[in-house]
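The sequence shown begins at 971 in this note's numbering and counts up one residue at a time. First up is the structure itself, then whatever we jot down about it.
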Amino acid sequence: MLDLDLDMSPQDSVREAKFKIGDEVVDPISGLNGTVVKVEEPVCNWMGFQYEVVLSNGTRTTFEQDSLQEVFNTNDVYELCENRNFANYDDYMIVNTLFKIDNVNNNTISTLRASRTQFKAYQFKPLLKFFASPQKRILIADEVGLGKTIEAGHILLELKARKEFRNALIVCPKSLREKWRAEMEQHLDRGTGSDPFGGVESGGVAGIML
């Protein structure tokens, strides 16, 4: 017969609670701060302290001791990591995105998924070479069928995303006019109508000339 002793031993009763009523804590899962309003002692020797916490969004939740962290009023990255005080994934993505926007460089592509095209890494090489050029000029001379139209469209989209795009004049033979127009509308139009770059009045594609 197995006899489980669920009573607290003298050694276990010495354990102290990590938090007390009124302490500010943080839930590392949601990233929400809260205040401890109730402390429940362990009812048996294999359980730990439990805490009733009112979170900043108004919810009242019970946490185990290991599921809570102290609130550290510091911005020191090393101290926060040492105390395992991390924000949630959504906060990280917001900060990371803002950093990339504020620190854009020639190797940063803001419009990687902005077009309706199948991703082909080589089609972004002209874009990177274009922004690496001091004069912002490039001659795209790939073989037939490799997507020179799409490559040019990627450059136009990236210029627009960086607010460096004013207008574009596409000059091509008559036989390619409709191909250019169709490719721009099919792959680069983002719901603005026939002109994927917003129209002449707002600084869009100036036109497709013969």
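All C-beta atoms in this analysis are idealised placements derived from N, C-alpha and C, irrespective of residue type, glycine included. Bear in mind that the values here come from a model prediction, so they are computed numbers and not experimental data.
| query | Just curious, the alpha helix (DSSP H) that residue 1119 is in, first and last residue? | reply | Within the sequence shown, numbered from 1, the residue matching residue 1119 stands at position 149. From DSSP, the alpha helix (DSSP H) with residue 1119 extends over 1118–1131.
| query | Quick one: is residue 1021 buried, meaning 16 or more other Cβ sit within 10 Å of its Cβ, or exposed? | reply | As a first step, residue 1021 is located in the sequence shown; it is residue number 51 there, counting from the start. Buried, since its Cβ has 16 or more Cβ neighbours within 10 Å.
| said: By the three-class DSSP mapping on this structure, what secondary structure does residue 988 have? | reply: Position 18 of the sequence shown, counting from 1, holds the residue named residue 988. The answer is coil: DSSP assigns residue 988 none of H, G, I, E or B.
| query | Roughly how many angstroms lie between the CA atoms of residue 1086 and residue 1157, to the nearest whole one? | reply | Taking the first residue of the sequence shown as position 1, residue 1086 is located at position 116. Taking the first residue of the sequence shown as position 1, residue 1157 is located at position 187. One C-alpha to the other measures close to 5 Å.
| message | Using CA atoms only, rank isn't needed, just tell me which of 996, 1029, 986, 1027 is closest to residue 1010. | response | Counted from its first residue, the sequence shown places residue 1010 at position 40. When only C-alpha atoms are compared, the closest one is 986.
| message | Assuming residue 1102 is part of the alpha helix (DSSP H), what are its boundary residues? | response | Residue 1102 sits at position 132 when you count from the first residue of the sequence shown. Unbroken alpha helix (DSSP H) run through residue 1102: 1095–1102.
| said: For residue 1025 and residue 996, I'd like the C-alpha separation in whole angstroms. | reply: One-based indexing of the sequence shown puts residue 1025 at position 55. One-based indexing of the sequence shown puts residue 996 at position 26. Distance between the alpha carbons of residue 1025 and residue 996: 8 Å.
| field | Rounded Cβ spacing between residue 1041 and residue 1003 (contact assumed at less than 8 Å) | value | Along the sequence shown, one-based indexing puts residue 1041 at 71. Along the sequence shown, one-based indexing puts residue 1003 at 33. Residue 1041 to residue 1003, Cβ: 6 Å. Contact.
| field | residue 1100 to residue 1124 span [Cα, whole Å] | value | On the sequence shown, position 130 is the one that residue 1100 refers to. On the sequence shown, position 154 is the one that residue 1124 refers to. Cα-Cα distance, rounded: 11 Å.
| Buried or exposed by the 16-neighbour rule on C-beta atoms within 10 Å, applied to residue 1063 | Along the sequence shown, one-based indexing puts residue 1063 at 93. Around the CB of residue 1063, fewer than 16 other CB atoms lie within 10 Å, so the residue is classed as exposed.
| query | Would you call the CB atoms of residue 1096 and residue 1121 closer than 8 Å? | reply | Working through the sequence shown from its first residue, we reach residue 1096 at position 126. Working through the sequence shown from its first residue, we reach residue 1121 at position 151. Yes, Cβ-Cβ distance for residue 1096 and residue 1121 is below 8 Å.
| message | Quick check on this structure: which residue in 1089, 1090, 1094 has the alpha carbon closest to the alpha carbon of residue 1078? | response | Sequence index remark: in the sequence shown, residue 1078 carries index 108 (1-based). Nearest of 1089, 1090, 1094 to residue 1078, Cα basis: 1094.
| query | With respect to the beta strand (DSSP E) encompassing residue 1138, which residues constitute its N-terminal and C-terminal limits? | reply | For the purposes of this step, residue 1138 is identified with residue 168 of the sequence shown, where counting begins at 1. Where residue 1138 is concerned, the enclosing beta strand (DSSP E) stretches over 1138–1141.
| query | In angstroms, rounded to a whole number, what distance separates the CA positions of residue 1051 and residue 1006? | reply | As a first step, residue 1051 is located in the sequence shown; it is residue number 81 there, counting from the start. As a first step, residue 1006 is located in the sequence shown; it is residue number 36 there, counting from the start. Approximately 23 Å between the Cα atoms of the pair.
| message | Are the CB atoms of residue 1108 and residue 1118 within a distance shorter than 8 Å? | response | Position 148 of the sequence shown, counted from the first residue, corresponds to residue 1118. Position 138 of the sequence shown, counted from the first residue, corresponds to residue 1108. Cβ atoms of residue 1118 and residue 1108: not closer than 8 Å.
| query | Closest to residue 988 by CA distance: which of 1008, 1000, 1001, 999 is it? | reply | As a first step, residue 988 is located in the sequence shown; it is residue number 18 there, counting from the start. The shortest C-alpha separation from residue 988 is found at 1008.
| Based on the DSSP output, what are the partners of residue 1092 in its beta bridges? | Numbered from its first residue, the sequence shown carries residue 1092 at position 122. Note: residue 1092 sits in no beta bridge, so no partner.
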